[in-house]
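Okay, so the sequence shown: first residue is 68 according to my numbering, each after it adds one.
Yeah, the Cβ is synthetic: ideal placement off N, Cα and C, and Gly gets one too.
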Amino acid sequence: MHKQILFVMVLLIVGLLASSSVASVTAQEDTDNDGISDTKEQQLAFTYVPALHFAAGEKFFPTDANYHIENSRLYMKVGDSNTLIEGSPTSASIAQYTTEGYFLNNMLGSFEEIAQDYGQRRESFGDKIYAHVTSESGFIVIQYWFFYAFNPGTLNQHQGDWEMIQIVLDSTEAPLYAVYSQHSAGQRAEWNDVEKADGTHPRVYVALGSHASYFRSYQGKIGTESDTVGNAYTLKYEDLEVVLLGEMGTGNHPQSQDWLDLGEDGETGLD
């Protein structure tokens with residue numbers, strides 16, 4: 068899949084799962100109106116925060132999605148044409164564009180320029196991940212979304228790289244298995260087979276450049292992408308800033324997450 072500027076790839080899955088609920092949750096405050104109390108979402112989200120292991124040479128780490136918004140212009144793709152919509156978009160301004168075809172183009176340009184700028188500003192934006200707690204067919208699903216400013220993969224290079232893992236629990240909140248995203252597919256492992264830090268925090272081995280997620284440090288070499296993974300640098304779960312995602316739609320998330328409502332752009336991008 069061509070993924071040059073898939074900043075809003077996260078929106079499709081969040082939207083599909085937004086209507087589910089967990090029946091066992093008691094009546095408490097539910098600010099995102101998904102049927103799961105805020106207290107329960109926070110409890111589950113922080114229980115399974117992953118530890119992220121990176122290979123030597125990695126230049127990009129999970130960060131605030133607003134890093135991309137602040138450096139970008141908003142375009143709309145119609146056929147082979149790209150039309151400028153906003154020169155200085157904000158999280159709030161892009162929320163009005165809810166149909167397909169919109170995308171954000173980082174105006175810093177090349178990989179080298181983005182890498183240099185991100186490296187200088189990484190501390191101010193922090194090492195941040197997004198957690199989304201939902202349910203599906205009686206199972207509780209905890210998703211962790213990672214936004215990387217650039218994907219300098221061996222076969223595919225693009226801006227705005229979203230990756231994710233999810234932990235699936237049964238109706239009693241016992242973990243069953245984990246799923247890690249890897250390029251256009253992913254990999255599943257039973258919970259007992261997942262490496263963990265301090266009992267409940269899954270270890271994720273992040274591929275150099277492509278940021279695909281693996282269960283072991285020796286995986287990744289088999290396949291077209293031929294990923295490099297390792298354990299040269301670790302972001303411990305306690306060092307990650309976790310932002311709990313609301314749901315799509317006005318009134319279902321904090322104003323700071325208005326970017327959730329930006330229309331999903333499929334496989335389009337600037338060539």
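### Task
Classify Ala-299 as buried or exposed, calling it buried when 16 or more other Cβ atoms lie within 10 Å of its own Cβ.
Exposed.
### Query
Can you tell me the Cα-Cα spacing of Asp-328 and Phe-121, whole angstroms?
31 Å
### Message
Does Ser-139 come out as helix, strand or coil in the three-state DSSP assignment?
### Response
Secondary structure of Ser-139 (DSSP, three-state): strand.
### Task
Enumerate in chain order the residues of its own chain whose CB-to-CB distance from Tyr-115 is below 6 Å, with the five nearest sequence positions on each side excluded.
Ile-209, Ile-234 and Thr-267
### Task
Could you tell me whether the Cβ atoms of Pro-129 and Ile-196 are closer together than 8 Å?
yes
### For Thr-201, the first and last residue of its enclosing beta strand (DSSP E)
195-203
### Message
Would you call the region 170-179 in contact with the region 132-151, where contact means no fewer than 3 C-beta pairs closer than 8 Å?
### Response
yes
### Task
Could you say which of Glu-308, Ile-207, Gly-102 and Gly-253 lies nearest to Ala-241 if we only look at CA atoms?
For Ala-241, the closest of Glu-308, Ile-207, Gly-102 and Gly-253 by C-alpha to C-alpha distance is Ile-207.
### Query
If we count the other Cβ atoms within 10 Å of its Cβ and call it buried at 16 or more, is Thr-201 buried or exposed?
buried
### Query
So is Asp-265 buried or exposed if we call it buried at 16+ other beta carbons inside 10 Å?
Its Cβ having fewer than 16 others within 10 Å, Asp-265 is exposed.
#### Entry: Between the CA atoms of Tyr-285 and Thr-221 - distance to the nearest angstrom
18 Å
### Task
Express the C-alpha separation of Pro-117 and Gly-193 in angstroms, rounding to a whole number.
16 Å
### Task
Return the first residue and the last residue of the beta strand (DSSP E) that Arg-270 is part of.
268-273
### Message
Let's test the definition: count the other Cβ atoms within 10 Å of the Cβ of Ile-72 and tell me whether it reaches 16, buried, or not, exposed.
### Response
Unreliable positioning characterises Ile-72 in this predicted model, as indicated by a pLDDT of 40, which lies under 50. A coordinate reading is not provided.
### Exposure label - Ala-112; buried when at least 16 CB within 10 Å
buried
#### Entry: First through last residue of the beta strand (DSSP E) which encompasses Gly-287
First-last for Gly-287: undefined, no H or E at that position.
### Message
Which residues does DSSP list as the beta-bridge partners of Ser-248?
### Response
BP columns for Ser-248 point to Gly-253.
### Query
Using the rule of at least 16 other Cβ atoms within 10 Å of the residue's Cβ for burial, across every protein chain shown, is Lys-144 buried or exposed?
buried
### Task
Return the residue from the list Glu-314, Ala-252 and Leu-175 that minimises the CA-CA distance to Gly-290.
Ala-252
#### Entry: Bounding residues of the alpha helix (DSSP H) (the contiguous stretch that carries Leu-111)
105-114
### Task
Please determine if the region 312-330 and the region 155-163 are in contact, where contact requires at least 3 C-beta pairs separated by less than 8 Å.
With a cut-off of 8 Å, the region 155-163 and the region 312-330 count as touching, because enough Cβ pairs lie within range.
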